[in-house]
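Peer 1:
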Amino acid sequence: MQIINHIIEIETEDGICIYNITPQILNLLQATSIKNGQVLVFSQHTTTALVINENEVRLLADIKVYLEKLAPASDHYLHNDLHLRDVPPDEPINAHSHLMAMMLSTSEIIPVVEGKLALGTWQSVLFLELDGARSRKVFIQISGQ
């Protein structure tokens, strides 16, 4: 069995942003000889998430609105009391982002069958930035034979 590890880097924008990373994953898979196995996709951050869903503009807008209602940035959170914690000077006020991420997932596993991702017709792998603009890393592990 082969195991191939790779990092996808994403430069994100402020606020809740959704990125379709399916093309990058497909490119990585096509560069291997793996025909049957799986792809593990894992976010290395606590204020991001991964989901499999439809990459449709109006649905993506609905997702953003839903997440903002789930954990409004304007609410009071203890994590945001930065003066009570030992934090770096550039520490963001982002408890809402952590809470949104907890309700989603940091990883997805997609089967590989005959060299292709076994995603449904309308499924895409979506990376969600839930906090602020920064450089993010998504770990990809392709395994199989």
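Going letter by letter, the sequence shown gives residues 3 to 147 in the numbering used here.
All C-beta atoms, glycine included, are put in the ideal place defined by N, C-alpha and C.
Note that the structure is predicted; figures quoted are calculated from it, not measured.
What is the DSSP secondary structure of Glu11, reduced to helix, strand or coil?
Peer 2: Note: Glu11 maps to strand in three-state DSSP.
Peer 1: I need the DSSP call for Ile65, collapsed to helix, strand or coil.
Peer 2: Three-state DSSP puts Ile65 in a helix.
Peer 1: Could you tell me which of Ile9, Ser145, Ile112, Ile18 sits nearest to Ala63, measuring between CA atoms?
Peer 2: Here the closest residue by C-alpha is Ile18.
Peer 1: Among the residues of its own chain, which have a CB less than 7 Å from the CB of Pro113, if the five just before and after it don't count?
Peer 2: Closer than 7 Å at Cβ, skipping near neighbours: Gln40, Ala120.
Peer 1: So who's on the other strand from Glu110, going by DSSP bridges?
Peer 2: In DSSP, Glu110 forms a bridge with Val43.
Peer 1: Tell me, please, which residues DSSP counts as bridged to Val175.
Peer 2: Residue 175 cannot be examined here, being either before or after the span of the chain that is shown, 3 to 147.
Peer 1: Ile27 lies in the alpha helix (DSSP H); which residues open and close that run?
Peer 2: Counting along the chain, the alpha helix (DSSP H) containing Ile27 begins and ends at 24 to 32.
Peer 1: To the nearest angstrom, report how far apart Ile12 and His47 are at their CA atoms.
Peer 2: Approximately 12 Å between the Cα atoms of the pair.
Peer 1: Contact between the region 104 to 111 and the region 22 to 35 is defined here as three or more beta-carbon pairs at a separation below 8 Å; is this criterion met?
Peer 2: Because the criterion of three Cβ pairs below 8 Å is not met, the region 104 to 111 and the region 22 to 35 do not touch.
Peer 1: Suppose you measure from the CA of Asp133 to the CA of Thr50; what does that come to, to the nearest Å?
Peer 2: Using only the alpha carbons, I get a separation of about 7 Å.
Peer 1: Straight-line CA distance for Asn57 to Val127?
Peer 2: Looking at the two C-alpha atoms, the distance is approximately 8 Å.
Peer 1: Assuming Val140 contacts Phe44 (C-beta within less than 8 Å), just tell me the rounded distance between them.
Peer 2: Between Phe44 and Val140 the Cβ distance is about 7 Å, and since that is below 8 Å, they are a contact.
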